[in-house]
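J.: Just add 216 to wherever you are in the sequence shown, counting from 1, and you've got the working numbering.
Heads up, the beta-carbon is just placed ideally off N, CA and C, and yes, glycines get one too.
Values in this document were obtained by computation on a predicted structure and should not be read as measured data.
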Amino acid sequence: MRNSIIILLFGLFISLTSCRTDFETVPSTGGLEFSAKTVYLDTIFANIGSSTYQLKVYNRSNNDIRIPEIKLGKTDSKYRITVDGMTGKNNRSFENVELLANDSLYIFIETTVNITETESDFTYNDKILFDVGTNQQSVDLVTLVRDVIFIKPNRDLNTKLYETISVNGFVDDEDKPLRGHTLVGDELIWKKDKPYVVYGNAVVPNGSTLIIEPGAQVYFHYGAALIVDNGAKIDIQGELNETDSEGNITNRREVTFEGDRLEPIYENVPGQWGTIFILSGSASGITNEIDYLTLKNATVGLFVLSNINNNTPNLVIKNSQIYDCSDFGILARKSNITGSNLVINTAGQACLGATLGGSYDFIHCTFNNNWNSTTQVAIIINDYFETKTEIYYSNLVKADFKNCIIYGNNNIELSIEKKLAEIFNPKFENCLVKFNEINTQLASNTYYNDVRNQQLGNIKNKDPKFLNLNRNILKIMEDSPAIGKANPLYSTFSDILNHPRPTVGSTNSDIGAYQFIAE
Numbered sequence: 217m218r219n220s221i222i223i224l225l226f227g228l229f230i231s232l233t234s235c236r237t238d239f240e241t242v243p244s245t246g247g248l249e250f251s252a253k254t255v256y257l258d259t260i261f262a263n264i265g266s267s268t269y270q271l272k273v274y275n276r277s278n279n280d281i282r283i284p285e286i287k288l289g290k291t292d293s294k295y296r297i298t299v300d301g302m303t304g305k306n307n308r309s310f311e312n313v314e315l316l317a318n319d320s321l322y323i324f325i326e327t328t329v330n331i332t333e334t335e336s337d338f339t340y341n342d343k344i345l346f347d348v349g350t351n352q353q354s355v356d357l358v359t360l361v362r363d364v365i366f367i368k369p370n371r372d373l374n375t376k377l378y379e380t381i382s383v384n385g386f387v388d389d390e391d392k393p394l395r396g397h398t399l400v401g402d403e404l405i406w407k408k409d410k411p412y413v414v415y416g417n418a419v420v421p422n423g424s425t426l427i428i429e430p431g432a433q434v435y436f437h438y439g440a441a442l443i444v445d446n447g448a449k450i451d452i453q454g455e456l457n458e459t460d461s462e463g464n465i466t467n468r469r470e471v472t473f474e475g476d477r478l479e480p481i482y483e484n485v486p487g488q489w490g491t492i493f494i495l496s497g498s499a500s501g502i503t504n505e506i507d508y509l510t511l512k513n514a515t516v517g518l519f520v521l522s523n524i525n526n527n528t529p530n531l532v533i534k535n536s537q538i539y540d541c542s543d544f545g546i547l548a549r550k551s552n553i554t555g556s557n558l559v560i561n562t563a564g565q566a567c568l569g570a571t572l573g574g575s576y577d578f579i580h581c582t583f584n585n586n587w588n589s590t591t592q593v594a595i596i597i598n599d600y601f602e603t604k605t606e607i608y609y610s611n612l613v614k615a616d617f618k619n620c621i622i623y624g625n626n627n628i629e630l631s632i633e634k635k636l637a638e639i640f641n642p643k644f645e646n647c648l649v650k651f652n653e654i655n656t657q658l659a660s661n662t663y664y665n666d667v668r669n670q671q672l673g674n675i676k677n678k679d680p681k682f683l684n685l686n687r688n689i690l691k692i693m694e695d696s697p698a699i700g701k702a703n704p705l706y707s708t709f710s711d712i713l714n715h716p717r718p719t720v721g722s723t724n725s726d727i728g729a730y731q732f733i734a735e
């Protein structure tokens, strides 16, 4: 009997506490509080959906309330909202939303906007309205919309099939061509007027040149790649940005490549898109040229695959920056590359991979890798490429590094490995290198002898004193050991910010891409 009474009382308690009906709430009286008065959905591209943003709504009273209505101000609003997981009427309006005493609810907000639907300042605006009549409250919604030029595969309206690319080696897992778009005509000139957004794979075909003019901004969707086919060329014609006395950009002249997620949280996230794949080069006498490019957030920034049949570089890159790549900043196989005033910071495997031999000449460059692992390095140099079934070898005709910084957070930031090549000649002169070989097995490896040789002006294991690595600012500070330690014979050009370097016979210039300038 006693157990039956306990069960009966427990059941009564459950029924009393769980039966909450509408009459237990009172209408809201306009006393809601919000986590923000205005929700800014950052910048989006026209016709591309935004990320999801959130607004928190608080009931600070001691009463369980009922909000008669939550809705968007415009009946045809381009915003979409959910309220505590509910979709309401077309994600635009909700009735009799209950909110317990001293509790809160979440509203999630998204939008997709056409450029023709924006105001004169290219913003799209609306409000979320709470309650009705004199109790009504509101939160503003603001989105800046940018008009863009899309580079993406065409789709046949009849067959519903997408355009595919015809590039040797680019097939899917079933040995079928990949979805992509081949650039033709006016598509081969990218200008400053509007940003470009690349979906899928864009191809510069044999015999064509893609010209990218000063100030052009290019955004890549997840997995997207730009492929420069054999016999084709890319010519990036960036220039130094014009700035005011406080360093603010007044005229954007550099070219930028980055992922298409514009929210600040994605600014330094690696691996947001694929790569710039350069297949053409010295075999056909073509030199791809890159000047004043800032490339961010790729899987591999530049993937250069060619051969060295003659002395013509297949890539000349200068005054450029590559940041936050999930694998490599530059990955080269059997290629011929010259670089100057090049800065690469943070990569999952290496800032520079000079693999399968080749010919490389880097002057006044900065390679730094602070990726959070113990396996990454700033530079990899080797003579082979290994697949699941075979290993390929090729001569390293040249790998010269002059007046360069090679640094990072591991004890050794330089990996040199020779297997079978007959020619293998890495050289380092007046470089600042992170090479702490204590307790390693590298003592017998003679390919590191240049790095060990102070008579060649090399400096080991001294912090270069970068200004701000987390913000990708690799200027050196006034106490940097790189100051005045470069060989002036190679300092024949200004630094990456166009500051003149000292000439031969005067004070020596500084190691790396930046000449220290007191501010």
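Would the stretch 354 to 371 and the stretch 246 to 260 be scored as touching if the rule is three or more Cβ pairs under 8 Å?
T.: Because the criterion of three Cβ pairs below 8 Å is met, the stretch 354 to 371 and the stretch 246 to 260 touch.
J.: According to DSSP, what are the bridge partners of R395?
T.: Translated into the one-based positions of the sequence shown, residue 395 becomes position 179. Beta-bridge pairing links R395 to T380.
J.: Taking DSSP as the reference, what is the three-state secondary structure of S564?
T.: Within the sequence shown, the letter at position 348 stands for residue 564. What sits at residue 564 in the sequence shown is Gly, not Ser. Here G564 sits in coil by DSSP.
J.: Buried or exposed: where does S498 fall if 16 or more other Cβ atoms within 10 Å of its Cβ makes it buried?
T.: In the sequence shown, the residue the question calls residue 498 occupies position 282. Note on S498: pLDDT 47, under 50, position unreliable in the model; the coordinate value appears next. Buried, since its Cβ has 16 or more Cβ neighbours within 10 Å.
J.: Helix, strand or coil: how does DSSP classify T472 here?
T.: What you label residue 472 is simply residue 256 of the sequence shown in a count that begins at 1. Of the three classes helix, strand and coil, the one that applies to T472 here is strand, per DSSP.
J.: Look at the Cβ atom of A729, then the Cβ atom of V559, and state whether they are nearer than 8 Å.
T.: The residue given as residue 729 occupies position 513 in the sequence shown. The residue given as residue 559 occupies position 343 in the sequence shown. Their beta carbons are under 8 Å apart, which means A729 touches V559 by this criterion.
J.: Taking the continuous alpha helix (DSSP H) assigned at D666, which residues delimit it?
T.: Residue 666 sits at position 450 when you count from the first residue of the sequence shown. It spans N665 to R668 - the alpha helix (DSSP H) in which D666 sits, taken as one unbroken run.
J.: By Cβ distance, which residues of its chain are closer than 7 Å to N307, with the 5 residues on each side in sequence left out?
T.: The residue given as residue 307 occupies position 91 in the sequence shown. If we look at N307 and ignore the five residues flanking it on each side, its Cβ neighbours are R296, I297 and T298.
J.: Ignore the nearest five residues each way along the sequence and tell me which others in G700's own chain have a CB closer than 8 Å to its CB.
T.: What you label residue 700 is simply residue 484 of the sequence shown in a count that begins at 1. Correct list, in chain order: T723, N724, S725 and D726.
J.: Where T571 and F601 are concerned, what is the direct C-alpha to C-alpha distance, given to the nearest angstrom?
T.: By one-based count along the sequence shown, residue 571 stands at place 355. By one-based count along the sequence shown, residue 601 stands at place 385. The alpha-carbon atoms of T571 and F601 are separated by roughly 7 Å.
J.: Might you give, ordered along the chain, the residues of its own chain that have their beta carbon closer than 6 Å to the beta carbon of Y539, omitting 5 neighbours on each side?
T.: Within the sequence shown, residue 539 is the residue found at index 323, counting from 1. So the list reads K512, N561 and N688, once near-sequence residues are dropped.
J.: Tell me which same chain residues have a C-beta within less than 7 Å of the C-beta of L360, skipping the five on either side of it?
T.: As a position in the sequence shown, residue 360 is number 144, starting the count at 1. For L360, where only same-chain residues beyond five positions count, the Cβ hits under 7 Å are T259, F338 and T339.
J.: Touch check for the stretch 270 to 290 and the stretch 369 to 376: three-plus C-beta pairs under 8 Å?
T.: Touching, no.
J.: Helix, strand or coil: how does DSSP classify Q657 here?
T.: For the purposes of this step, residue 657 is identified with residue 441 of the sequence shown, where counting begins at 1. Residue state, collapsed to three classes: coil.
J.: Determine the direct distance from the alpha carbon of G423 to that of I675, and round the result to whole angstroms.
T.: The sequence position of residue 675 within the sequence shown is 459, counting from 1. The sequence position of residue 423 within the sequence shown is 207, counting from 1. The alpha-carbon atoms of I675 and G423 are separated by roughly 45 Å.
J.: Any chance you could list the beta strand (DSSP E) runs of at least 3 consecutive residues sitting entirely within the stretch 545 to 597, in chain order?
T.: Counting whole runs of 3 or more residues, the stretch 545 to 597 contains the beta strand (DSSP E) stretches 566 to 579 and 582 to 585.
J.: P704 by DSSP, collapsed to three states: which one?
T.: For the purposes of this step, residue 704 is taken as the residue at position 488 of the sequence shown. Three-state result, P704: helix.
J.: Checking the sheet assignment: what are the DSSP bridge partners for M693?
T.: Within the sequence shown, the letter at position 477 stands for residue 693. Answer by DSSP bridge pairing: none, since M693 is not bridged.
J.: Kindly indicate which three-state DSSP category T339 falls into: helix, strand or coil?
T.: Within the sequence shown, residue 339 is the residue found at index 123, counting from 1. In the structure shown, T339 sits in a strand (DSSP, three-state: E or B).
J.: Can you tell which of T491, D460, P480 and T398 has the C-alpha that lies nearest to the C-alpha of Y438?
T.: As a working note, residue 438 is residue 222 in the sequence shown. Selected option, being the one with the closest Cα: T491.
J.: At which residue ranges does the stretch 304 to 348 contain complete beta strand (DSSP E) runs of 3 or more residues, listed in the order of the chain?
T.: Complete beta strand (DSSP E) runs here, min 3: 309 to 315, 319 to 327 and 339 to 346.
J.: Classify Q537 as buried or exposed, calling it buried when 16 or more other Cβ atoms lie within 10 Å of its own Cβ.
T.: What you label residue 537 is simply residue 321 of the sequence shown in a count that begins at 1. Its Cβ being crowded by 16 or more others within 10 Å, Q537 is buried.
J.: CB-CB under 7 Å to K368, same chain, minus the five flanking residues each way: which ones, in chain order?
T.: Position 152 of the sequence shown holds residue 368. Excluding sequence neighbours, K368 sits near H397, Y415 and G416.
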